[in-house]
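Novice: Residue numbers (our numbering), protein chains in the order written: chain E, 42 to 156; chain A, 934 to 1044.
Even glycine gets a Cβ: it sits at the ideal position worked out from N, Cα and C.
Remember, it's a predicted structure, so these values are computed and weren't measured experimentally.
Could you have a look at this structure, given as structure tokens, before my questions?
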């Protein structure tokens, strides 16, 4: 596709359920990022992949959060045993450049609501 | 601690009324400063990158400038379609690839 595609766009989960959020980056983009954006806040970094390698996961808030990009294209962010504080928009972004770049192409996000 | 503060939180302008948005930062070592635009329900859209004090970038009615402590996004003769939240982000050497975002300034331009 022309841009970064995320699914589902909206997800409602009961507290304690596991969720999986998918990101299809722009074809050929080397770098892939996940950010979390709470209501009224700026995005916060979660994790970074260069191809299939997860090079930085320092922003993952707990061991309930796990991300993978096994073939260097599609990525999945998994949240286990969801809590109410996990409610946020999860943004995926990609870049054709590996390494340190701030010029990112963002998807529209997946809005997670935990009841 | 690396911090980014944007002001004002919200700004209402009449069409054609020029103004500026501020992004002040306190960081250990600035690699780059970035401006993004975010429309409701959408992801951020990249606007500008600034690397060093004194640098300026322009795009249509927008101009971004950078000093050692802050960046300004100047909006000249805004139109209603410029209404959005403008996000400032920094990248610092010690934080690797992560962008540190401010909370944003929500701009509303009325005709």
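On a CA-only basis, which of E:129, E:147 and E:141 is nearest residue 51 of chain E? Give me that one, please.
Specialist: Checked all of E:129, E:147 and E:141; the closest Cα to residue 51 of chain E is E:129.
Novice: Between residue 97 of chain E and chain A, is the shortest Cβ-Cβ distance under 9 Å, so that the two count as touching?
Specialist: At least one chain A Cβ lies under 9 Å of residue 97 of chain E.
Novice: What residue from A:957, A:938 and A:994 has the CA that sits closest to residue 1012 of chain A's CA?
Specialist: Ranking the options by Cα distance to residue 1012 of chain A, first place goes to A:994.
Novice: So residue 147 of chain E contacts chain A; which residues on that side make the cut at Cβ distance below 9 Å?
Specialist: Those within 9 Å of residue 147 of chain E in chain A are 969, 971, 975, 976, 977, 978 and 979.
Novice: Can you give me the C-alpha to C-alpha distance between residue 958 of chain A and residue 121 of chain E, rounded to a whole angstrom?
Specialist: Between residue 958 of chain A and residue 121 of chain E, the C-alpha separation is close to 35 Å.
Novice: Figure out for me which residue from A:982, A:961 and A:1001 has the closest Cα to the Cα of residue 992 of chain A.
Specialist: Of the candidates A:982, A:961 and A:1001, the one whose C-alpha sits nearest the C-alpha of residue 992 of chain A is A:982.
Novice: Report yes if the C-beta of residue 97 of chain E is less than 8 Å from at least one heavy atom of the ligand NAP; otherwise report no.
Specialist: Of the ligands one can find in the structure shown there are none, so the ligand NAP has no counterpart to examine.
Novice: Please tell me whether residue 1026 of chain A and residue 969 of chain A are closer than 9 Å, where the distance is taken between their beta carbons.
Specialist: No, they are not a contact pair.
Novice: Decide yes or no for the touch test of the stretch 971-988 of chain A against the stretch 948-958 of chain A: beta carbon pairs closer than 8 Å, at least 3 of them.
Specialist: Taking 8 Å as the limit for Cβ pairs, the verdict is that the stretch 948-958 of chain A does not touch the stretch 971-988 of chain A.
Novice: Among E:66, E:44, E:81 and E:61, which one has its Cα closest to the Cα of residue 1035 of chain A?
Specialist: When only C-alpha atoms are compared, the closest one is E:81.
Novice: Cα-Cα, which of A:1017, A:972, A:989 and A:974 is closest to residue 1005 of chain A?
Specialist: Nearest option by C-alpha distance: A:989.
Novice: Of the choices E:146, E:44, E:73 and E:79, whose alpha-carbon is the least far from that of residue 117 of chain E?
Specialist: Among E:146, E:44, E:73 and E:79, the Cα nearest to that of residue 117 of chain E belongs to E:73.
Novice: Going by beta-carbon coordinates alone, are residue 986 of chain A and residue 1001 of chain A separated by less than 9 Å?
Specialist: Against a cut-off of 9 Å, the Cβ pair of residue 1001 of chain A and residue 986 of chain A comes out as a contact.
Novice: Beta carbons nearer than 7 Å to chain E: which residues of the stretch 1021-1036 of chain A have them?
Specialist: Listed in sequence order: 1022, 1024, 1029, 1030, 1031, 1032, 1034, 1035 and 1036.
Novice: Name the two residues that bound the continuous beta strand (DSSP E) containing residue 1044 of chain A.
Specialist: Neither: residue 1044 of chain A is in no beta strand (DSSP E) and is coded neither H nor E.
Novice: Using the three-state DSSP reduction, which class does residue 127 of chain E fall into: helix, strand or coil?
Specialist: Helix.
Novice: Measuring only the C-alpha atoms, how far is residue 142 of chain E from residue 49 of chain E?
Specialist: Taking the straight line joining both Cα atoms gives about 27 Å.
Novice: Are the CB atoms of residue 146 of chain E and residue 1032 of chain A within a distance shorter than 9 Å?
Specialist: Against a cut-off of 9 Å, the Cβ pair of residue 146 of chain E and residue 1032 of chain A comes out as no contact.
Novice: Say whether chain A places a C-beta atom closer than 9 Å to the C-beta of residue 62 of chain E.
Specialist: So, not an interface residue.
Novice: Using a Cβ-Cβ cut-off of less than 9 Å, list which residues of the stretch 125-151 of chain E approach chain A; keep chain order.
Specialist: Flagged, chain order: 130, 132, 133, 134, 140, 141, 142, 143, 144, 145, 146, 147, 148, 149 and 150.
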